[in-house]
Amino acid sequence: MPVLRGGDWFYEPGESPVILKDEKTKAENKPGHRPLGSYNLPKWVYHPERANRRIVVNKEDYFGMAADGLRNFHGWNVAHVAAIHDDLKLLSLATLEQCKEPNKWGMTPAHMTGMGQHPGGPSLNVLWELVQIGAVDPTATNHADQTPWHIAQRMQKPAHLKKWVQVVFKGQKPDTYDAAKEAQLRPRGKFGRALGLDTIPREDVSKPLPVCLVFPGQGTQYVGMVRSLKEIPAVSNMLEKANQVLGYDLAELMMNGPAEKLAQTKFCQPAMYVANLAALEKLKLDEPEKVSRCTALAGLSVGEYSALTAAGVFDFETGLRIVKARAEAMDFEVSGGRPGAKAQAMCLVVGLDSEAVEKLCKDCSGERKGESCQIAACLFPRGFSVGGCESTVRSFETKALAAGALQCQLMKLAGAFHTPEMSGVRDYLVQQLDSVKASLRPPRCKVYSNASAKAIGPDTPVQDIVKLLSEQLVSPVLWEQSMQQAIKDDCTEFYEVGPGRQLTGMMRRIDWKIADKMSTVPA
Numbered sequence: 320m321p322v323l324r325g326g327d328w329f330y331e332p333g334e335s336p337v338i339l340k341d342e343k344t345k346a347e348n349k350p351g352h353r354p355l356g357s358y359n360l361p362k363w364v365y366h367p368e369r370a371n372r373r374i375v376v377n378k379e380d381y382f383g384m385a386a387d388g389l390r391n392f393h394g395w396n397v398a399h400v401a402a403i404h405d406d407l408k409l410l411s412l413a414t415l416e417q418c419k420e421p422n423k424w425g426m427t428p429a430h431m432t433g434m435g436q437h438p439g440g441p442s443l444n445v446l447w448e449l450v451q452i453g454a455v456d457p458t459a460t461n462h463a464d465q466t467p468w469h470i471a472q473r474m475q476k477p478a479h480l481k482k483w484v485q486v487v488f489k490g491q492k493p494d495t496y497d498a499a500k501e502a503q504l505r506p507r508g509k510f511g512r513a514l515g516l517d518t519i520p521r522e523d524v525s526k527p528l529p530v531c532l533v534f535p536g537q538g539t540q541y542v543g544m545v546r547s548l549k550e551i552p553a554v555s556n557m558l559e560k561a562n563q564v565l566g567y568d569l570a571e572l573m574m575n576g577p578a579e580k581l582a583q584t585k586f587c588q589p590a591m592y593v594a595n596l597a598a599l600e601k602l603k604l605d606e607p608e609k610v611s612r613c614t615a616l617a618g619l620s621v622g623e624y625s626a627l628t629a630a631g632v633f634d635f636e637t638g639l640r641i642v643k644a645r646a647e648a649m650d651f652e653v654s655g656g657r658p659g660a661k662a663q664a665m666c667l668v669v670g671l672d673s674e675a676v677e678k679l680c681k682d683c684s685g686e687r688k689g690e691s692c693q694i695a696a697c698l699f700p701r702g703f704s705v706g707g708c709e710s711t712v713r714s715f716e717t718k719a720l721a722a723g724a725l726q727c728q729l730m731k732l733a734g735a736f737h738t739p740e741m742s743g744v745r746d747y748l749v750q751q752l753d754s755v756k757a758s759l760r761p762p763r764c765k766v767y768s769n770a771s772a773k774a775i776g777p778d779t780p781v782q783d784i785v786k787l788l789s790e791q792l793v794s795p796v797l798w799e800q801s802m803q804q805a806i807k808d809d810c811t812e813f814y815e816v817g818p819g820r821q822l823t824g825m826m827r828r829i830d831w832k833i834a835d836k837m838s839t840v841p842a
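Structure representation (structure tokens):
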């Protein structure tokens, strides 16, 4: 006959390890009930008739257990108790080793956080502390081969599980953490220190992460943009402000088209600016530290204005007003509004090096007086856009294919952007930028300039930013060089924030290893 001693069953020599129970009182032996063993439950689930074998320890019981050394049958330490009850005060008494230590069932404190039953779900505040000190191993398994995620997945609602995942795998601080820390950890006494503040190394949350956010430009727009993001309060507010600044319903145009109107420069550029920043708001919700602690930002063409707004150079409305003025002036320039203006075009050429492309541009520019073309953007190795007068660009297209280009075709863009053909717009843009210069601020982090491929930063004067934006209109976009510089500056995580996957495709040709890890945040 087995005997229960100290919460464990002991058997006589040769006796089968079977737990005897009162068969008449067990509900699972009555009609309509299934035996407990027929359910797919973790091994640590116990029968309710053995209350003294419970997996949970009340906080008030723990110190007596620890003191007498007789009742802690499951090998709990103070970190386990803190994890189940989401108690930062108890956790402050634990050592780093205790924060990683499994109990008798192989359950680490990280496993225990998934078992917490609180109004907000699991024990997120203790989990955040454990993550910060490196005490969470997502691959650690208990005796039932369950990771901490498996425990949380079984014990929590889907919405609560998502919060648990964001803390463990994305490093997102719980919304309740600051209030819980202030309430539970007094500023004096032995409980008045945060966990490990004096003895355990913690991540410096003020240190930038090796993250670079990149924003696409004109050409990736599509009907239906921001439809999935419009319910986010910040995006909804952004769309309302955009309607006031622009004087038309931008959300209606982005979501319902028509596509021909959305593709027009004067409508497309404001739409891309807003869509990029709407995607940024989505990233702020999902992975806020990737935004607040990013090392660098960059944007292709009009995407650079989104990057500068994300960096704090512009506020949303100011940036949108500048983009609106820029777009309308560029549209006027390419639509023949200026007397004597010639039709413009751009083409994409792939497979020729820069020297060959420049030579072809020079040859084509000499064919007709007053007409020229030049490189408008260095997109990726042996990949360029060329812009200029339409007749010259068409001549370039023919010669490039004859010279061995793998691809050369006209682009849908209406004008020769980022070439001297935009000189008529440059002075107007400088005027607009000068009018708001007093409200501009240096960026909070690095922003790679299209015109120079160099990073501007917190020490960059506003006047230099204005100059670079004016040069961007009439000089090639150095996108390939910008991305290579970001990689040299130790950026290892890239996020494409905005419509499409154009920049991810370019990155695949610049550095395929980075591209394989690149994330997209669609608008």
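Read in order, the letters of the sequence shown correspond to residues 320 to 842 in our numbering.
From the three backbone atoms N, C-alpha and C, an ideal C-beta is built for every residue, glycine too.
Sorted by chain position, which residues of the same chain lie with C-beta nearer than 8 angstroms to residue i's C-beta, five sequence neighbours on each side aside?
| i | result |
| --- | --- |
| Ala-644 | Tyr-747, Leu-748, Gln-751 |
| Asp-387 | Low local confidence applies: a pLDDT of 46 at Asp-387 is under 50, so the model's placement there is unreliable, and no value is given. |
| Lys-756 | Val-781, Gln-782, Val-785 |
| Ser-684 | Glu-690, Ser-691, Cys-692, Gln-693, Gly-707, Thr-711 |
| Lys-526 | Arg-612 |
| Thr-495 | Gly-439, Leu-443, Asn-444 |
| Glu-709 | Lys-661, Ala-662, Gln-663, Ala-664 |
| Leu-565 | Pro-589, Leu-639, Lys-643 |
Which same chain residues, not among the five before or five after residue i, have their C-beta less than 7 angstroms away from its C-beta?
| i | result |
| --- | --- |
| Ala-471 | Gly-433, Pro-441, Leu-480, Trp-483 |
| Leu-516 | Any reading at Leu-516 is ruled out, since the residue's pLDDT is 42, under 50, leaving its predicted position unreliable. |
| Phe-813 | Cys-531, Val-533, Met-826, Ile-833, Met-837 |
| Asp-650 | Gln-583, Thr-584, Lys-585 |
Measure from the alpha carbon of residue i to the alpha carbon of each residue in the options, then state which is nearest.
| i | options | result |
| --- | --- | --- |
| Val-545 | Ser-758, Met-574, Gly-394, Pro-529 | Met-574 |
| Trp-447 | Ala-675, Tyr-767, Asp-497 | Asp-497 |
| Gly-689 | Asp-672, Val-676, Ser-673, Gly-707 | Gly-707 |
| Gln-465 | Thr-637, Thr-427, Cys-613 | Thr-427 |
| Arg-828 | Gly-670, Ala-398, Gly-638 | Gly-670 |
| Thr-414 | Asn-422, Val-397, Gln-537 | Val-397 |
| Pro-739 | Leu-732, Leu-729, Thr-717, Ser-794 | Ser-794 |
| Gln-726 | Pro-761, Val-676, Thr-637 | Val-676 |
| Gly-439 | Asn-461, Pro-457, Lys-423, Pro-493 | Pro-493 |
| Gln-804 | His-399, Gln-563, Ala-402, Ala-774 | Ala-774 |
| Glu-600 | Asp-405, Asn-556, Arg-687 | Asn-556 |
| Pro-577 | Lys-718, Leu-679, Val-542, Val-610 | Val-542 |
| Gly-734 | Asp-809, Gly-776, Ala-646 | Ala-646 |
| Gly-638 | Gly-776, Glu-550, Met-591, His-430 | Met-591 |
| Asp-808 | Ala-402, Gln-563, Leu-528 | Leu-528 |
| Ser-754 | Arg-701, Arg-640, Trp-395, Glu-559 | Arg-640 |
| Arg-701 | Met-474, Ser-673, Thr-839 | Ser-673 |
| Ser-654 | Ser-714, Met-741, Thr-614, Tyr-624 | Met-741 |
| Val-593 | Ala-459, Leu-407, Asn-562 | Asn-562 |
| Val-487 | Glu-606, Asp-835, Thr-811, Arg-713 | Glu-606 |
| Glu-636 | Glu-623, Lys-560, Cys-680, Leu-679 | Lys-560 |
Over what stretch of residues does the alpha helix (DSSP H) that includes residue i continue unbroken?
| i | result |
| --- | --- |
| Leu-639 | 635 to 653 |
| Ile-694 | Note, Ile-694: premise wrong, no alpha helix (DSSP H); beta strand (DSSP E) at 692 to 699. |
| Ser-673 | 673 to 684 |
| Val-400 | 397 to 404 |
| Ser-710 | 709 to 721 |
| Asp-497 | 496 to 503 |
| Met-826 | 821 to 829 |
With a threshold of 6 angstroms on Cβ separation, who are the neighbours of residue i within its own chain once the five nearest residues in sequence on each side are excluded?
| i | result |
| --- | --- |
| Ser-704 | Met-665, Leu-667, Ala-695, Ala-696 |
| Ala-597 | Val-545, Leu-548, Val-554, Ala-842 |
| Met-825 | Leu-698, Phe-699 |
| Gly-490 | Glu-608 |
| Lys-509 | Its pLDDT being 44, under 50, Lys-509 is placed unreliably by the model, and the measurement read from it follows with that caveat. Nothing meets the Cβ criterion. |
| Gln-791 | Asn-769, Ala-770 |
| Leu-514 | Here Leu-514 scores only 44 on pLDDT, less than 50, and its place in the model is too uncertain to base an answer on. |
| Ala-626 | Phe-534, Leu-616, Ala-617, Gly-618, Val-766 |
| Leu-720 | Cys-727 |
| Thr-779 | Pro-761 |
| Gly-819 | Pro-535, Thr-539 |
| Glu-652 | Gly-743, Val-744 |
| Gln-475 | Gly-440, Pro-441 |
| Thr-518 | Note that Thr-518 has pLDDT 45, beneath the 50 cutoff, so the model's placement of it is unreliable and no number is given. |
Quick one: give me the first and last residue of the beta strand (DSSP E) that residue i is part of.
| i | result |
| --- | --- |
| Leu-667 | 663 to 669 |
| Pro-529 | 528 to 534 |
| Val-621 | Segment: none, Val-621 is in no beta strand (DSSP E) and carries neither H nor E. |
| Ser-411 | Careful: Ser-411 lies outside any beta strand (DSSP E) and carries neither H nor E. |
| Thr-278 | For the chain, the structure presents residues 320 to 842; residue 278 sits outside this window and is missing. |
| Glu-812 | 812 to 816 |
**Item:** the region 563 to 573 in contact with the region 452 to 459 per 3-pair CB rule at 8 angstroms
**Value:** No, the region 563 to 573 is not in contact with the region 452 to 459.
**Prompt:** For the region 696 to 704 against the region 791 to 808, are there 3 or more C-beta pairs whose distance is under 8 angstroms?
**Reply:** Contact between the region 696 to 704 and the region 791 to 808 is present: three or more C-beta pairs spanning the two stretches fall below 8 angstroms.
**Request:** Write down every uninterrupted run of the alpha helix (DSSP H) in the region 723 to 799 whose length is 4 residues or greater and which is fully enclosed by it, in chain order.
**Result:** 742 to 754, 781 to 793
**Asked** If you scan the region 547 to 621 from start to end, which runs of the alpha helix (DSSP H) of 4 or more residues do you find wholly inside it?
**Response** 552 to 565, 569 to 575, 578 to 582, 584 to 605, 607 to 611
**Runs of alpha helix (DSSP H) wholly within the region 414 to 479 (minimum 4 residues, chain order)** = 415 to 419, 428 to 432, 443 to 451, 467 to 474
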